[in-house]
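**Q** Heads up: the protein sequence lines correspond to chains C and H, in order. Using this note's numbering, read the first sequence as starting at 1 and increasing by one per residue. Using this note's numbering, read the second sequence as starting at 1001 and increasing by one per residue. Think of the CB as a built atom: it goes at the ideal place given N, C-alpha and C, for glycine as much as any other residue. These numbers come from a predicted model, not from an experiment.
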Amino acid sequence: MASYTTSQFKAGLKILLDGDPYAIVENEFVKPGKGQAFNRVKVRNLRSGRVVERTFKSGDSVEAADVIETEMQYLYTDGEFWHFMKPDSFEQYAAGKAVIGDGSKWLKEQDLCKVTLWNNEPLSVEPPAHVNLVVVETDPGLRGDTSGGGGKPAILETGAVVQVPLFIEEGEVVRVDTRSGAYISRAKE
Amino acid sequence: MHDDWRPSACRKALHQRAGILAAIRGFFAERGVLEVDTPCLVGAGATDPNVPSFYIAYEGPGAPPDGRLWLQSSPEHAMKRLLAAGAGSIYQITHAFRAGERGRLHNPEFTLLEWYRLGWDQHALMDEVADLCRHLLGDCTVERLTYTQAFRAHLGVDPLEASRQALVASADGLGLGRAALVALDRDGLLDLLLSHRVVPALGSGRLTFVYDFPASQAALARLRPDDPRVAERFELFSNGVELANGYHELTDAVEQRLRFERERAARARLGLPLPDVDARLLAAMEAGLPPCAGVALGLDRLVMRVCGARHIDEVVAFPIERA
């Protein structure tokens, strides 16, 4: 099993603590001039997202977590699992609701997502930062209003609900920022 | 695209650094302390198990029999040899080296200001350290407390008397695994508590001297004659950063040899490199090291304090990754 010593610690390194995968967020070397050295680290649990502090005696080693980030194409959902494929190898992976979380509402077939694998199982899925989605339901717009002053809710093809300007109509394609859930523009397609 | 040829410190910080160096030299010139210059490349490595040294293979003219020289971890031994030779009170600004120490407050090559005062004790030297700091930082509050007082005030335990279990209990919640905690020896536990619990609680904006360290951490300090549980050693902290470490110096060559041998034994147990004891320092002490107090001050950290820098890279031109 691969491992890292504290001198290899740096932000982004993936390690295994108490059986869970963590990413190092911050590493501080703490050493009295004449005393024992320690590494005080902030680590993020890659399952729960929680950040905790841990301390290691310098020189100790920690098991590496087999965590890799890859680009995958989203294929479809069967309701229980969301299926992804590596574009180069055509290998397929299935992620459950706990892994997908809220991200499911931005997933559109064929879009490329960042899938984090732990021991070759999906650990988290990050949808593309910007997606183009069809408006399937919204109140009729006010013709001629292009000021963008007001807003109204719109339901998109994936089920996501976003605030769009009044002039947007059903059937149009809009561009949305998946991190904030905010409307960006009409998609020019 | 590689811009690592550039310094990591900005021009302003480099100017402040130069100003501080000039001010330090002025401070000691005015007080009649002699500037000295001893070699960085030395014949004896540090025996302290917590001080990892670099060594250099050298086969050229003047090489030692084992073909090995060390980059000094501090100029202490050479300066004590000068003291034994009658140099009087001396100071030095020099580079020192610690293999494997790197972080926000550490660079493997760093600058020390070290000085010795003949006939002084640790309290007189603390006064002078405070004077120098005020000279560079402007007026600030200075406080002094014993190692025991610091632990009692901020942790509620007596570091000299508390049981091992009590120390382990105090370290609970620091995120160190149970196994690692149990594997630490008493001094390791005290170091953990000092650096993680006590020092961060000392407050900011002032200079805090902590003195009378446990005898087990005497290093090169003499023990207190009226209380041999503690050594006449002090450290200076400011804003959670260790700035200086000083001693009322041990002058007894026999005791010094014993300490070196104890450190070597600890190194052997830990499987660390085993440098020979520094025979030239011991010979100088046998010839007679005059009573004195000495202190080493991390110059880079002092510059950081003056500049308000958070990272050592902001005050050195080329840290190790750009060296």
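Am I right that residue 1083 of chain H and residue 1289 of chain H are in contact with their C-beta atoms under 8 Å? What's the rounded C-beta distance?
**A** At roughly 6 Å, the Cβ-Cβ gap stays under 8 Å, so residue 1083 of chain H and residue 1289 of chain H are in contact.
**Q** Is the distance from the Cβ of residue 1044 of chain H to the Cβ of residue 1278 of chain H below 8 Å?
**A** Their beta carbons are under 8 Å apart, which means residue 1044 of chain H touches residue 1278 of chain H by this criterion.
**Q** Name the chain H residues that come within less than 9 Å of residue 180 of chain C, Cβ to Cβ?
**A** Those within 9 Å of residue 180 of chain C in chain H number zero; the least Cβ separation is about 30 Å.
**Q** Leaving out five residues on either side along the sequence, give the residues of the same chain with a beta carbon under 6 Å from the beta carbon of residue 1195 of chain H.
**A** none
**Q** Taking just the CA atoms, how far does residue 103 of chain C sit from residue 174 of chain C?
**A** 18 Å
**Q** Less than 8 Å between CB atoms is the rule here; does residue 1095 of chain H satisfy it with respect to chain C?
**A** no
**Q** Are any of the Cβ atoms in chain H nearer than 8 Å to that of residue 51 of chain C?
**A** no
**Q** With DSSP as the reference, please indicate the residues paired to residue 1211 of chain H in a beta bridge.
**A** H:1146 and H:1234
**Q** Okay, do the segment 66-73 of chain C and the segment 110-118 of chain C touch, 3+ Cβ pairs below 8 Å being the bar?
**A** yes
**Q** For residue 10 of chain C, would you say it is in contact with chain H, using Cβ-to-Cβ distances shorter than 8 Å as the test?
**A** no
**Q** Determine the DSSP secondary structure at residue 1040 of chain H, reduced to helix, strand or coil.
**A** Looking at residue 1040 of chain H - three-state DSSP - the assignment turns out to be coil, as it is neither helix nor strand.
**Q** Using 8 Å as the threshold, is the C-beta distance between residue 1168 of chain H and residue 1189 of chain H below it?
**A** Yes, these two residues count as a Cβ contact at 8 Å.
**Q** Along chain H, in chain order, which residues have C-beta atoms closer than 7 Å to that of residue 177 of chain C?
**A** Ordered by position in chain H, no residue passes the 7 Å Cβ test against residue 177 of chain C, which lies about 30 Å from the chain.
**Q** Roughly how many whole angstroms lie between the Cα atoms of residue 9 of chain C and residue 150 of chain C?
**A** 50 Å
**Q** So, helix, strand or coil for residue 180 of chain C, using DSSP?
**A** Residue state, collapsed to three classes: coil.
**Q** Any residues in the segment 19-42 of chain C with a beta carbon nearer than 9 Å to a beta carbon of chain H? Which ones, in chain order?
**A** 27, 28, 29, 30, 31, 32, 33, 34, 35, 36, 37, 38, 39, 40 and 41
**Q** Is residue 159 of chain C near residue 105 of chain C, with beta carbons less than 8 Å apart?
**A** yes
**Q** Going by other Cβ atoms of all chains shown within 10 Å of its Cβ, with 16 needed for buried, is residue 76 of chain C buried or exposed?
**A** exposed
**Q** Got a sec: which bits of the segment 1208-1220 of chain H sit with their beta carbon under 7 Å from any beta carbon on chain C, in order along the chain?
**A** 1217 and 1219
**Q** Run through chain H and tell me which residues come within less than 7 Å of residue 54 of chain C, C-beta to C-beta.
**A** Contact of residue 54 of chain C with chain H by beta-carbon distance below 7 Å involves 1175.
**Q** Go to residue 20 of chain C, then tell me how far its beta strand (DSSP E) extends in each direction, as first and last residue.
**A** 20-30
**Q** Once you ignore the five residues that flank residue 1280 of chain H on each side, which residues in its own chain have a CB closer than 8 Å to its CB?
**A** If we look at residue 1280 of chain H and ignore the five residues flanking it on each side, its Cβ neighbours are 1043, 1044, 1077 and 1081.
**Q** Quick check: residue 1122 of chain H and residue 1247 of chain H, are their CB atoms within less than 8 Å of each other?
**A** Taking 8 Å as the Cβ cut-off, residue 1122 of chain H and residue 1247 of chain H qualify as a contacting pair.
**Q** Does DSSP put residue 1217 of chain H in a helix, a strand or coil?
**A** It is helical.
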